[in-house]
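Data first, discussion second: the structure below is written as structure tokens.
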Amino acid sequence: MANRLGYPVLVRPSYVLGGQGMQIAYSDEEIEEFMEIINRIEQDHPILVDKYLMGKELEVDAVCDGTDILIPGIMEHIERTGVHSGDSISVYPAPTVSDTVKETIAEYSRRLAKALHVKGLINIQFIAVDEEVYVIEVNPRSSRTVPYISKVTGIPIVDLATEVILGKKITELGYKPGLQPAAEYYAIKMPVFSFEKIRGAEISLGPEMKSTGECLGIAKDFDEALYKAFLGAGVELPKHKQMIITVKRADQPEAAEVAKRFEALGYKIYATRHTADYLKEQGVAARKVNKLSQESPTVMDLLLGHKIDLVINTPTQGRDKNRDGFLIRRTAIETGVNVITSLDTANALASSLENGGQELTVIDIATI
1 MANRLGYPVL
11 VRPSYVLGGQ
21 GMQIAYSDEE
31 IEEFMEIINR
41 IEQDHPILVD
51 KYLMGKELEV
61 DAVCDGTDIL
71 IPGIMEHIER
81 TGVHSGDSIS
91 VYPAPTVSDT
101 VKETIAEYSR
111 RLAKALHVKG
121 LINIQFIAVD
131 EEVYVIEVNP
141 RSSRTVPYIS
151 KVTGIPIVDL
161 ATEVILGKKI
171 TELGYKPGLQ
181 PAAEYYAIKM
191 PVFSFEKIRG
201 AEISLGPEMK
211 STGECLGIAK
221 DFDEALYKAF
231 LGAGVELPKH
241 KQMIITVKRA
251 DQPEAAEVAK
261 RFEALGYKIY
271 ATRHTADYLK
281 EQGVAARKVN
291 KLSQESPTVM
301 DLLLGHKIDL
311 VINTPTQGRD
321 KNRDGFLIRR
331 TAIETGVNVI
341 TSLDTANALA
351 SSLENGGQEL
361 TVIDIATI
């Protein structure tokens, strides 16, 4: 099945919550590894193999009265598909998708809600690949983003859904059906994690949800809203202006562009051998540091010296907790160092530091 679909594919048990047990596989060997892990618990239903599409993930929470649908706004995730929606940075209004994609999402949402005979709340997640829109999942219920989108649009979705369930129509409640006009400011939902409290937990992000909370950044300027959101999540930079970058080879071209941005911000960059060699080829003055099994100074020495602000590490596939990457991520978290495992998140952090922290404004959400 995986070879017929073409790699990468998403491997997952049936009927799971929070993406539990889901993995993205890039080879036959990884399929076998992930199948073995899933089958450690007896499965009553088939294991599913889906084609993985890399694109922009978008999300809507809406109210349907059986005929018409009210969509307060479209949320766009900063991390590309493959990171659970609860662990992604979510932006309203969607900043980088075309009007055509937005219109398609609104129409698909209306048709899906009507076909499912929904009266009340509905949550739908989409992937946009160029101008093509695909449906990930449809949930005829509330979701974790309902309070967020209600707060930042001023549209009381839960109250409206309750009225609709009791028999009211959207038009009777004073709203025009369809996608509502976008707000004049950006509202960014940032996930918050508790990895430092859960010893031994793998912190890299993927299809399985790992966040334990969220915070909100709002501003008329996108980078300022992003900066506020990172601050709310406890990412307060810069401190020492030193960072470590170690990524898998497939990610080196993207990592080089990220490194250039942090270098321009004044950061001293350390990297393990292969990453450092590649960064130097691309004009980044990366300082080579040894892996854990090599002689000092190693990455671990740098982390334990408490002079590192940030670690950017994209993990290789697999669950071997003896690998350098896992030990680096855990040591960083346990010594209070910020760790990023998605280059999309790293680029977002760079943007917030480049432009967002100059002069912060105050937005009174009570007046929205």
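Under this note's numbering, read the sequence shown as residues 1 to 368, first letter to last.
Ideal Cβ placement from N, Cα and C applies to all residues, glycine included.
DSSP places Arg141 in no beta strand (DSSP E); its state is neither H nor E. Per DSSP, Ser204 lies in no alpha helix (DSSP H) segment and is marked neither H nor E.
Distance check between Pro315 and each of Asp309, Phe326, Lys307 and Lys56 places Phe326 closest, using alpha-carbon atoms only.
Inclusion of Met243 and Val289 in the CB contact set at 8 Å is not warranted, their separation being larger than that value. Annotation: the continuous beta strand (DSSP E) that includes His77 extends over Ile74 to His77.
Membership of Asn313 in the beta strand (DSSP E) is indicated by the continuous run Leu310 to Thr314. In the three-state DSSP reduction, Ser150 falls in the helix class (H, G or I).
Distance between Gly266 and Pro95, taken at the CA atoms: about 28 Å. When Cβ pairs closer than 8 Å are counted between the two stretches, the stretch 264-279 is seen not to touch the stretch 207-214, the count staying below three. Contact fails between the stretch 130-137 and the stretch 150-160, because fewer than three Cβ pairs, one in each stretch, are under 8 Å apart.
Contact between the stretch 135-148 and the stretch 117-127 is present, with at least three C-beta pairs closer than 8 Å.
When rounded, the separation of the alpha-carbon atoms in Leu231 and Ala259 is 21 Å.
In the structure shown, the three-state DSSP call for Phe126 is strand. One Cα belongs to Ile269, the other to Leu237, and the distance between them is close to 15 Å. Residue state for Val337 is assigned as coil, using DSSP reduced to three classes. DSSP places Val9 in the uninterrupted beta strand (DSSP E) bounded by Val9 to Pro13. With a contact defined as Cβ atoms closer than 8 Å, Glu354 and Arg261 qualify at about 7 Å.
Gly73 places its beta carbon 8 Å or farther from that of Arg144. Taking Ile78 as reference, the option from His274, Met190, Ser293 and Gly283 with the minimal CA-CA separation is Met190. Exclusion of the five residues before and after Pro156 leaves Ser150 as the residues of its chain whose Cβ lies within less than 7 Å of its Cβ. Where Gly213 is concerned, the enclosing beta strand (DSSP E) starts and stops at Gly213 to Ala219.
Within the DSSP secondary-structure output, Gly178 pairs in a beta bridge with Leu70. The beta carbon of Ala161 sits closer than 7 Å to the beta carbons of Val63, Gly120 and Leu121 from its chain, once the five residues preceding and following it are set aside; these are given in chain order.
Restricting attention to Arg80, Asp61, Glu29 and Ala25, the CA atom closest to the CA of Leu343 is found in Arg80. DSSP places Val97 in the coil class of the three-state scheme, outside both helix and strand.
If you draw a straight line from the Cα of Gly154 to the Cα of Gly206, it is about 32 Å long.
Note that the C-beta distance between Ser109 and Ile71 is below 8 Å. DSSP places Asp87 in the helix class (H, G or I) of the three-state scheme. If you look at Leu48, you'll find it in the beta strand (DSSP E) that goes Ile47 to Lys51.
Gly6 and Val101 have their C-alpha atoms spaced approximately 26 Å apart. A residue is called buried once 16 or more other Cβ atoms fall within 10 Å of its Cβ, and Gln358, having fewer, is exposed.
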